[in-house]
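Q: I have a structure here, written as structure tokens, and I will follow up with some questions on it.
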Amino acid sequence: MNVDVVIIGGGIVGASTALALSHGGLSVALVEASLPQENNAEWDSRIYAITPGNAEFLRDLGVWNALDASRINPIHAMQVWGDPSNGPLNFDAYSAGVAELGFILENRLMHTALWKALEQVQDLEVLCPARCSALEFGKDAVQLTLEDGRNLSTKLIIAADGANSWVRKQAGVEVVAESYHQLGVVANFETEKPHGNIARQWFKDDGILAWLPLLGNRISMVWSAFEPQAATLLELTPEQFCHTVAEAGHHSLGAMNSITPPTAFPLVLQRNQSMIAPRLAMVGDAAHQVHPLAGQGMNLGLRDVQVLVEVLLKTQRDVGDWATLRRYERARKADVFAMSSVTDGLQKLFNNNDPMLGFLRNTGLRMVNHLPQVKRALMARALA
Ligand SMILES: Cc1cc2nc3c(=O)[nH]c(=O)nc-3n(C[C@H](O)[C@H](O)[C@H](O)COP(=O)(O)OP(=O)(O)OC[C@H]3O[C@@H](n4cnc5c(N)ncnc54)[C@H](O)[C@@H]3O)c2cc1C
């Protein structure tokens, strides 16, 4: 098989890359190891806060409008607490002059909608389930061999195969990885009181707790907890777990009842030495992994896709040309660097029991609340 681009990894980032490049007229092959899970009847505890900018991108791809609207919940405001004795830092859509600050939706819902859209595209080869066995980067083309013996030849490989990218390893791109020694414990709940479409977040010295509004009186929780505490949370009975979560959020939504069992993900900061290599571009977690405290990992990945697609569809050269790939990397560097540095800085500033830092962070939060220009700058990034 000979195609313009081969994308390895068909998660949300890889599937949206395939869709956007195919719509743009390139011939594309997408290689994915396993079929997406389709069970959308149950709630998925893996959720994303998607920015309005990325929702617009998914709308342009024809995917957003195909989603079950009854499972998408807008965020109208955000409240962020540092020291509980101080009031929260408030952000709201009305002051930002937008209809909503973002949308909460489930991973499985988004993933299956993207894969359904892929089925409608001609000139797109989806190879799934398929496992890669060898990659050979040549001067003018790349050869990919699958375990079943099939061979693909292409001008450009796009690595969208997640944080432990096999492709990145084959290309010898180095990464610096640092464990936060935290797990992101996720679960969904029904709550006694309405959430008012407000995303709530508590920065504590032993972790970060986020409650994100789902449809009706439901929320999705992401609790970034240090490993021993996370292990304890996962061992609680459902009743104890609900009580502990409600207490950690100061019972602000009343009693809670879990609607999905808790599950957990290790949290890692991963910086790539580069987002490109000869005839290779990396997107999503294959290119960077950040702490989820700002709900920005997937959003960064979708912004990689938008920029890469724009650069590739505009180029007059071959799509794997080094100058073209450099344009992609240059355009993405600042956003990726800023997001990984800000999330890392906040995690270290807050998940720390140094009293001096405690003073600094609470004074900082209070100051930001009274500095409209700083708030506007923070909001601009969160809406992109
Ligand atoms: C607790 C938690 C909460 C989060 N919350 C948010 C949030 O609210 N908002 C947000 O923006 N981000 C959030 N994130 C980050 C987000 O989950 C990731 O950034 C995102 O899932 C990365 O998507 P991806 O498609 O790049 O990688 P993945 O989702 O890892 O997809 C990689 C795909 O590649 C396939 N694959 C892997 N290896 C191969 C191979 N060799 N051959 C073929 N296929 C292969 C896999 O099967 C998979 O389908 C959160 C992360 C965590 C841990």
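Start counting the sequence shown at 2; every next residue gets the next number (my numbering). C-beta: ideal position from N, C-alpha, C; glycine also.
Go ahead and label residue 123 buried or exposed: buried means 16 or more other beta carbons lie within 10 angstroms of its beta carbon, across all protein chains shown.
A: exposed
Q: Taking the C-alpha atoms as reference points, what is the distance between residue 192 and residue 265?
A: Inter-residue distance for residue 192 and residue 265 is about 21 Å (C-alpha atoms, whole angstroms).
Q: Nearest to residue 275 by CA position, among 175, 15, 4, is which residue?
A: 175
Q: What number of angstroms, rounded off, separates the C-alpha of residue 290 from the C-alpha of residue 179?
A: 10 Å
Q: Span of the alpha helix (DSSP H) holding residue 312?
A: 298 to 315
Q: Taking all protein chains shown into account, decide if residue 177 is buried (16 or more other Cβ within 10 angstroms of its Cβ) or exposed.
A: exposed
Q: Less than 8 Å between the CB of residue 131 and some heavy atom of ligand 1, yes or no?
A: yes
Q: Can you check whether the CB of residue 33 is closer than 9 Å to the CB of residue 128?
A: The beta carbons of residue 128 and residue 33 sit closer together than 9 Å.
Q: Which residue comes first and which comes last in the alpha helix (DSSP H) that contains residue 327?
A: 323 to 351
Q: Express the C-alpha separation of residue 108 and residue 71 in angstroms, rounding to a whole number.
A: 15 Å
Q: Going by DSSP, what residue range makes up the alpha helix (DSSP H) through residue 108?
A: 108 to 120
Q: Residue 300 to residue 13, Cα distance in whole Å?
A: 11 Å
Q: Any chance the CB of residue 268 is under 8 Å from a heavy atom of ligand 1?
A: yes
Q: Quick check: the segment 88 to 96 against the segment 325 to 336, are at least 3 beta-carbon pairs closer than 8 Å?
A: no
Q: Report yes if the CB atom of residue 8 is closer than 9 Å to the CB atom of residue 303, and no otherwise.
A: Cβ distance not < 9 Å, so residue 8 and residue 303 don't count as in contact.
Q: Classify residue 229: buried if its beta carbon has 16 or more other beta carbons within 10 angstroms, exposed otherwise.
A: exposed
Q: Taking a contact to mean a Cβ-Cβ separation below 9 Å, would you say residue 222 touches residue 269 in this structure?
A: Residue 222 is not a Cβ neighbour of residue 269, given a cutoff of 9 Å.
Q: Check whether the segment 143 to 158 and the segment 237 to 249 are in contact - that is, three or more C-beta pairs closer than 8 Å.
A: Taking 8 Å as the limit for Cβ pairs, the verdict is that the segment 237 to 249 does not touch the segment 143 to 158.
Q: Residues bridged to residue 93 by DSSP?
A: 78
Q: Work out the CA separation of residue 150 and residue 339 for me, nearest whole Å.
A: 42 Å
Q: Assuming the contact rule is C-beta atoms closer than 8 Å, residue 159 and residue 284 should be a hit. Round their C-beta distance to whole Å, please.
A: Sure, about 6 Å apart at Cβ, within 8 Å.
Q: Terminal residues of the continuous beta strand (DSSP E) containing residue 61?
A: First-last for residue 61: 53 to 61, but that is the alpha helix (DSSP H), not the beta strand (DSSP E).
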